[in-house]
Amino acid sequence: MRTSIRKIGNSRGILIPSVFLTDSGIGDQVDILMEGNALLIRPVQDLRAGWFEGYDSSVEVDPLGDLPVDDDAQDWTW
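So the sequence shown is numbered by full-length UniProt numbering: it starts at 1 and just counts up by one.
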């Protein structure tokens, strides 16, 4: 689809069809990146999105269980 670049104050902008916005998941904010000589516009992603997917709180996990055993098991003296 071709569109025109429009003057908006001291900047330039384009109108993005609502179908493109809906299909791409773009909301009120976007990230704009340069890839070579092209602009890539993508929806802003929550930094912590998906952190707890697959998390099962019923499974007990020892967070230090995979650490190697210290050969010198004596207490440290400060």
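Glycine residues also receive a C-beta, built at the ideal position from the N, C-alpha and C atoms.
Worksheet item: CA-CA distance, G25 and V19?
Response: By one-based count along the sequence shown, residue 25 stands at place 25. By one-based count along the sequence shown, residue 19 stands at place 19. Looking at the two C-alpha atoms, the distance is approximately 10 angstroms.
Discussion item. Assuming contact is defined by CB atoms lying nearer than 9 angstroms, are V21 and I32 in contact in what I supplied?
Written reply: As a first step, residue 21 is located in the sequence shown; it is residue number 21 there, counting from the start. As a first step, residue 32 is located in the sequence shown; it is residue number 32 there, counting from the start. Before going further, note that residue 21 is Leu rather than Val in the sequence given. The answer is no: Cβ separation not under 9 angstroms.
Worksheet item: S4 to V61, Cα distance in whole Å?
Response: Taking the first residue of the sequence shown as 1, we reach residue 4 at position 4. Taking the first residue of the sequence shown as 1, we reach residue 61 at position 61. Whole-angstrom Cα-Cα distance: 57 angstroms.
Practice prompt. Determine, using beta carbons only, whether P17 and Q29 come nearer to each other than 9 angstroms.
Written response: Taking the first residue of the sequence shown as position 1, residue 17 is located at position 17. Taking the first residue of the sequence shown as position 1, residue 29 is located at position 29. Going by C-beta atoms, P17 is not nearer than 9 angstroms to Q29.
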